[in-house]
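In my numbering, the protein residues as written are 167 to 472.
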């Protein structure tokens with residue numbers, strides 16, 4: 167059967183719409199969705215229960231490769247050699263297991279993408295609801311080299327996000343001493359340590375007292391009166407650092423559920439967009455970039471062309 171394209175005429179489940187539009191049996195329609203043959207408004211959808219609304223564009227492409235083989239768990243391969251692996255992680259997927267029974271993680275996808283070679287080692291993590299670029303080392307020597315590159319800040323990570331409101335300054339450096347418990351039973355900055363400085367200042371050293379130094383640099387790319395698209399660069403990589411700093415500055419990431427009242431987006435509008443990685447063997451700087459995700463295009467003043 168050749169590719170079929172059509173427009174939905176009524177609201178309903180995706181698998182039912184595929185059965186109607188592509189003229190498939192119930193079983194074949196369900197399998198077509200599960201094996202990645204169906205696209206809704208240009209995006210591959212693997213859940214047959216997804217709601218389809220009138221006017222939606224659908225495509226059934228029986229020749230489309232099964233994403234379980236080419237993109238395990240929705241993780242897209244960006245780069246692979248004998249020393250490292252770079253992937254593009256979807257939102258909703260854990261980077262690594264948090265318990266013995268969790269098999270669906272970016273690490274598991276990396277293992278599937280490196281079968282028959284050096285096994286992937288964790289170098290850094292992304293929050294479950296954060297999408298974007300993630301690097302794994304292949305083997306212990308590579309892991310040591312990449313973790314050292316994070317420590318000496320030669321492995322550079324740049325994020326893009328959309329926040330509530332517009333920062334007073336178009337560029338800035340946010341610094342604080344982060345604690346596991348900032349006073350409300352969750353991570354946060356030690357009282358009195360949060361500072362927003364000019365962006366051209368050098369990275370400061372740790373402040374006296376408890377906590378870990380956290381340094382976040384941001385620049386406003388575009389804004390409306392209600393929200394702003396930011397590019398954010400980490401000098402340090404503390405857990406939830408970007409989310410905490412932006413929320414404490416008064417401009418939480420849209421969709422934030424822990425450090426601000428939820429709203430503005432269906433999930434965290436935070437994406438790991440750029441990686442600069444010194445190669446563990448040669449030292450050559452490798453640059454990678456991931457586009458802004460389509461599911462967050464409507465909340466972004468720039469759209470999805472970012």
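Don't be surprised by glycine CBs; every beta carbon is placed ideally from N, CA and C.
Small disclaimer: the values here were computed from a predicted structure and weren't measured.
Run of the beta strand (DSSP E) containing residue i, from where it starts to where it stops
i           : result
residue 340 : 337–345
residue 330 : 322–330
residue 194 : Residue 194 -> not in any beta strand (DSSP E); alpha helix (DSSP H) instead, spanning 192–200.
residue 177 : Premise fails: residue 177 is in no beta strand (DSSP E) and is neither H nor E.
residue 461 : It is not in any beta strand (DSSP E) - residue 461 carries neither H nor E in the DSSP assignment.
residue 455 : 451–455
Residue i and residue j closer than 8 Å at C-beta
i           : j           : result
residue 262 : residue 273 : yes
residue 367 : residue 339 : yes
residue 385 : residue 422 : no
residue 309 : residue 289 : yes
residue 227 : residue 291 : no
residue 188 : residue 220 : no
residue 242 : residue 458 : no
6 Å CB neighbourhood of residue i in its chain, flanking five on each side removed
i           : result
residue 400 : 323
residue 465 : 328, 420, 431, 435
residue 342 : 355, 359, 360, 380
Range of the contiguous alpha helix (DSSP H) that encloses residue i
i           : result
residue 279 : 272–279
residue 171 : No alpha helix (DSSP H) holds residue 171; the beta strand (DSSP E) holding it covers 170–173.
residue 313 : 306–317
Distance, residue j Cα to residue i Cα
i           : j           : result
residue 192 : residue 173 : 19 Å
residue 344 : residue 427 : 21 Å
residue 418 : residue 376 : 25 Å
residue 381 : residue 319 : 12 Å
residue 300 : residue 238 : 15 Å
residue 293 : residue 207 : 27 Å
residue 475 : residue 315 : Here the chain has residues from 167 to 472 only, and residue 475 is not among them.
residue 370 : residue 363 : 10 Å
residue 287 : residue 372 : 29 Å
residue 393 : residue 248 : 42 Å
residue 282 : residue 214 : 33 Å
Other residues of its chain near residue i: CB distance less than 8 Å, five sequence neighbours each side excluded
i           : result
residue 389 : 332, 395, 467
residue 211 : 180, 199, 204, 205
residue 258 : 294, 295, 433
residue 349 : 357
Cutoff 8 Å: residue i Cβ touching any chain B Cβ
i           : result
residue 295 : No chain B appears in the structure shown, which is made up of a single protein chain.
Contacts around residue i, its chain only, beta-carbon distance under 7 Å, and the 5 residues preceding and following it disregarded
i           : result
residue 463 : 469, 470
residue 298 : 254, 255, 292, 437, 438, 439, 456
residue 391 : none
*Can you list the beta strand (DSSP E) stretches of 3 or more residues lying completely in the segment 373–443, in chain order?*
378–389, 393–400
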